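K.L.:
Mind having a look at this structure? Questions to follow.
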Amino acid sequence: MINFKNIAILKGKIPLIGSIFAGVLVGICLLGIVIPQTTSADFANTTNASYVAKVTNMAQKAVKTIKVTVTAYASVPEETDDTPFITASGKFVQDGIIANNLLPFGTKVRIPKLYGNKVFTVEDRMASYKSNYHIDIWMPSKPLAIKFGVKTVDMEILQN
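So for the sequence shown, this note's numbering puts the first residue at 95; every next one is plus one.
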């Protein structure tokens, strides 16, 4: 049985409760638009060091842009010397390493057309007959290096 006495008491308060609910609902919707959505994977893959590196990489200014021929190489004896996993600068190969004969070791560069804001570091050298305007990007396997092919693009040399 419906208790009409309780309904009469709530009659004046229902619009107020409805307004509060609508306001909360709109606020939640706005938070979804304003606050970027993240997943647990975003947090699992982020460390303070990697975050600082990403922010630093994006903040580095290009001091010069040059057109280069870009190829790729892998740590295999036929593409390297007798120490295929150690670069000419003495560092171990890893993602982000490039070889070039013009720029000093440690020079940071970007190849925006191919890799956006990713920063590469010159840590290796190429055969002496290669042009100074040729870079080789290290890849973890020979099939990936072959698949990469040859490209001609602008490379940004970043301020150290």
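Just so it is clear, CB atoms sit at the ideal spot from N, CA and C, and this is done for glycine as well.
These numbers come from a predicted model, not from an experiment.
What residue range does the beta strand (DSSP E) around lysine 158 cover?
P.N.:
Here residue 158 corresponds to residue number 64 of the sequence shown, with the count starting at 1. Taken as a continuous stretch (DSSP letters only), the beta strand (DSSP E) holding lysine 158 covers 156-168.
K.L.:
Using CA coordinates, which residue listed in Gln154, Ser169, Val187 and Leu197 is at the minimum distance from valine 162?
P.N.:
Against the sequence shown, residue 162 aligns to sequence position 68. Comparing Cα-Cα distances from valine 162 to each of Gln154, Ser169, Val187 and Leu197, the minimum goes to Leu197.
K.L.:
What are the start and end residues of the beta strand (DSSP E) that includes isoleucine 231?
P.N.:
Counting from one through the sequence shown, the residue named residue 231 turns up at place 137. 228-233 is the extent of the beta strand (DSSP E) around isoleucine 231.
K.L.:
Compare the beta carbon distance of glutamate 217 and phenylalanine 199 with 9 Å and say whether it is the shorter of the two.
P.N.:
Counting from 1 along the sequence shown, the entry for residue 217 is found at position 123. Counting from 1 along the sequence shown, the entry for residue 199 is found at position 105. Yes, these two residues count as a Cβ contact at 9 Å.
K.L.:
If contacts are defined as beta-carbon pairs under 8 Å, then isoleucine 229 and methionine 249 qualify, I think. What distance do you get, rounded to the angstrom?
P.N.:
Sequence index remark: in the sequence shown, residue 229 carries index 135 (1-based). Sequence index remark: in the sequence shown, residue 249 carries index 155 (1-based). Yes, isoleucine 229 and methionine 249 are in contact; Cβ-Cβ is about 7 Å, under 8 Å.
K.L.:
Less than 9 Å between the beta carbons of lysine 158 and isoleucine 251, yes or no?
P.N.:
Locating residue 158 in the sequence shown gives position 64, where the first residue counts as 1. Locating residue 251 in the sequence shown gives position 157, where the first residue counts as 1. Cβ distance < 9 Å, so lysine 158 and isoleucine 251 count as in contact.
K.L.:
Can you tell me the Cα-Cα spacing of glycine 210 and alanine 156, whole angstroms?
P.N.:
Here residue 210 refers to the residue found at position 116 of the sequence shown. Here residue 156 refers to the residue found at position 62 of the sequence shown. Using only the alpha carbons, I get a separation of about 13 Å.
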